[in-house]
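Numbers in my numbering are just positions in the sequence shown, counted from 1, shifted up by 42. Here a beta-carbon is modelled for each residue, glycine too, at the ideal position from N, C-alpha and C.
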Amino acid sequence: MAEVNIYDGAIDKGLEGVVACTTAISSIVGATLNFRGYTIEDLAKHSSFEEVSFLLWNSRLPNQKELADFSQALSSHMVLSPELLAVLKTLPTKDVHPMAWLRTAVSILSQFDKDANDMSEAANQRKALGLTAKMGSLVCAFAAFRAGKAPTAPVAGKSVAWNFMYMLNGKEPDPELVKVFDTCLVLHADHELNCSAFATRVTASSLSDLHSAIVSAIGALKGPLHGGANEQVMLMLKKIGNIENARQFVIDALASREKVMGIGHRVYKNGDPRALILRNMSQQLTKKIGEPHWYEMSTLIDDTMQKEKGLLPNVDFYSATVYYSLGIPIDLYTPIFATSRVAGWCVHAFEQYANNRIYRPRSKWQGKEGLTWVPVSQR
Ligand code: COA
């Protein structure tokens with residue numbers, strides 16, 4: 043068979059414009075984001091993270107009993123065993139980024155899971171439940187270890203959002219703030235074929251196990267061009283310091299071709315619908331804590347970027363000031379993203395397993411050719 047010359051066409055750097063697979067999990071059409079056919083606006087307004095996770099995994103909304111059973115199952119899987127905690131406690135936390143710690147912790151988690159290498163559907167469902175339930179517990183365990191404290195155990199029967207805030211602060215959270223945090227989890231639960239979902243699917247496409255796919259995803263999410271941007275937004279706002287400096291900061295960044303974090307998107311060119319929801323949340327919450335300047339500074343950056351570059355904020359831009367208002371340490375913003383997105387990653391792995399072909403693109407050779415090896419003594 044004659045070999046096709048694949049090098050004749052243009053290279054799709056960053057795979058822009060490449061449609062790599064079919065999916066029925068979430069879709070972006072224009073400025074609309076849907077999970078299983080429901081708009082993100084509808085879900086953010088009415089659903090909980092538990093309900094959205096059920097929806098993503100089962101392709102339909104649960105009835106009352108199913109939601110109660112699913113929430114109970116997630117809650118019962120949040121506990122980290124004493125054996126696991128003993129190993130996690132030995133991991134360094136000083137000068138270690140929580141996303142690096144989380145990546146290692148999830149890898150260790152697989153070694154405590156008897157189903158780790160069982161690729162049956164039932165085992166994969168159990169593992170997905172465990173991973174989704176435990177991600178937030180792991181993040182809070184990191185925060186406790188770093189502070190030299192014992193991790194707070196989750197409370198049975200409580201939601202992922204409630205338990206995250208409880209385990210992080212060691213006291214019962216304000217129900218209004220739990221609702222805000224839960225909405226953030228809903229907004230982040232999935233997002234079509236983003237970098238970490240693709241990383242999940244690439245690893246799954248070799249028929250590797252679910253934990254390995256999720257470890258790949260955490261590594262991809264960590265980067266500042268993906269989930270790592272929310273942390274960078276807050277650091278940027280702190281660096282700018284006050285509203286008087288904000289416009290000039292943007293002008294200088296653009297002049298030196300630096301990225302303004304939380305702005306721009308590969309797919310949304312007319313705005314990210316999640317950013318609109320988070321913008322309102324940021325306005326209300328920064329006012330509530332008596333620090334509205336963070337929101338005001340953000341809107342000025344947002345306006346300047348639109349005017350100067352035609353670029354709009356993405357999900358990470360206003361989520362930074364939302365998390366700040368909730369009193370969450372800045373370096374935990376991206377781990378929160380993982381706490382939610384793990385629900386999406388799991389179902390991307392399952393969709394990949396169900397209709398698999400290994401990902402194996404090509405690259406165009408640009409290196410040297412025709413070299414002759416010479417013995418080391420002659421080099
Ligand atoms: N700040 C300044 N300029 C930006 C920018 C930003 N945040 N985002 C994009 N641009 C500019 C690029 O410099 C480039 O300009 P040019 O055409 O004059 O060279 C143009 O817009 C296209 O950007 P590019 O990086 O090629 O787009 P992409 O589709 O490859 O990347 C992002 C998309 C999201 C990675 C990119 O917008 C970005 O880095 N944003 C900041 C990080 C971030 O918020 N990530 C979270 C994503 S949800």
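Per DSSP, the bridge partner or partners of Leu-249: Here residue 249 is taken as the residue at index 207 of the sequence shown, counted from 1. According to DSSP, Leu-249 bridges with nothing at all.
Proximal residues to Ile-400 (C-beta, below 7 Å), its chain only, five neighbours per side dropped: Translated into positions along the sequence shown, residue 400 becomes position 358. So the list reads Ser-247 and Ser-248, once near-sequence residues are dropped.
In angstroms with no decimal places, state the Cα-to-Cα distance between Val-292 and Gly-304. In the sequence shown, counting from the first residue as 1, residue 292 sits at position 250. In the sequence shown, counting from the first residue as 1, residue 304 sits at position 262. Straight-line Cα distance between these residues: approximately 12 Å.
Straight-line CA distance for Glu-286 to His-307? Within the sequence shown, the letter at position 244 stands for residue 286. Within the sequence shown, the letter at position 265 stands for residue 307. Taking the straight line joining both Cα atoms gives about 27 Å.
Please give me, in chain order, every unbroken run of the beta strand (DSSP E) with length at least 3 that falls completely inside the region 177–238. none
Using only the heavy atoms of the ligand COA, determine whether one of them is closer than 6 Å to the beta carbon of Lys-301. For the purposes of this step, residue 301 is taken as residue 259 along the sequence shown, with counting starting at 1. Correct: Lys-301 has its Cβ closer than 6 Å to the ligand COA.
Quick one: does the C-beta of Arg-399 sit closer than 6 Å to a heavy atom of the ligand COA? As a working note, residue 399 is residue 357 in the sequence shown. Not under cutoff, so the answer is no.
Grouping DSSP H, G and I as helix and E and B as strand, with all else coil, what is Ser-149? On the sequence shown, position 107 is the one that residue 149 refers to. Residue state, collapsed to three classes: helix.
Assuming Leu-252 and Ala-170 make a contact with CB atoms under 8 Å, what is their CB distance in whole Å? Taking the first residue of the sequence shown as 1, we reach residue 252 at position 210. Taking the first residue of the sequence shown as 1, we reach residue 170 at position 128. Rounded, the Cβ-Cβ distance is 7 Å, consistent with contact.
With which residues is Val-302 paired in a DSSP beta bridge? For the purposes of this step, residue 302 is taken as the residue at position 260 of the sequence shown. DSSP output for Val-302 lists no bridge partner at all.
Label Leu-491 either buried or exposed according to how many other C-beta atoms from any shown protein chain fall within 10 Å of its C-beta, with 16 as the threshold for buried. Since the first residue of the chain shown is 43 and the last is 421, residue 491 is not available in this structure.
Report the partner residues of Ser-367 according to the DSSP bridge assignment. Taking the sequence shown and counting its residues from 1, one reaches residue 367 at position 325. Partner(s): none; Ser-367 has no beta bridge.
Which one or two residues does DSSP pair with Val-71 in a beta bridge? For the purposes of this step, residue 71 is taken as the residue at position 29 of the sequence shown. Thr-74, per the DSSP bridge assignment.
Give me whichever residues DSSP pairs with Tyr-80 in a beta bridge. Translated into the one-based positions of the sequence shown, residue 80 becomes position 38. Its beta-bridge partners are Phe-77.
The ligand COA and Leu-318: does any heavy atom of the ligand fall closer than 6 Å to the residue's C-beta? Within the sequence shown, residue 318 is the residue found at index 276, counting from 1. No; taking the cut-off as 6 Å, the Cβ of Leu-318 has no heavy atom of the ligand COA nearer than that.
Neighbour-count burial assignment, His-126, 16 or more Cβ in a 10 Å radius: Locating residue 126 in the sequence shown gives position 84, where the first residue counts as 1. First, the amino acid is wrong: residue 126 is Leu here, not His. Classification for Leu-126: buried.
Are there any heavy atoms of the ligand COA lying less than 6 Å away from the beta-carbon of Asn-356, as far as the coordinates show? By one-based count along the sequence shown, residue 356 stands at place 314. Checking every heavy atom of the ligand COA against the Cβ of Asn-356, one is found closer than 6 Å.
Nearest-angstrom beta carbon gap, Leu-85 and Val-228 [assumed within contact, 8 Å]: Position 186 of the sequence shown holds residue 228. Position 43 of the sequence shown holds residue 85. The Cβ separation is near 5 Å, so the contact holds.
Which stretch, first to last residue, makes up the alpha helix (DSSP H) that contains Arg-16? Residue 16 is absent from the structure shown; the chain starts at 43 and stops at 421.
From what residue to what residue does the alpha helix (DSSP H) around Glu-58 run? Here the question's residue 58 lines up with position 16 in the sequence shown. Per DSSP, Glu-58 belongs to no alpha helix (DSSP H) and is neither H nor E.
Please work out which residues of its chain come closer than 8 Å, Cβ to Cβ, to Arg-102, disregarding the five sequence neighbours upstream and downstream, and give them in chain order. Position 60 of the sequence shown, counted from the first residue, corresponds to residue 102. Taken in chain order, the residues that qualify are Arg-78.
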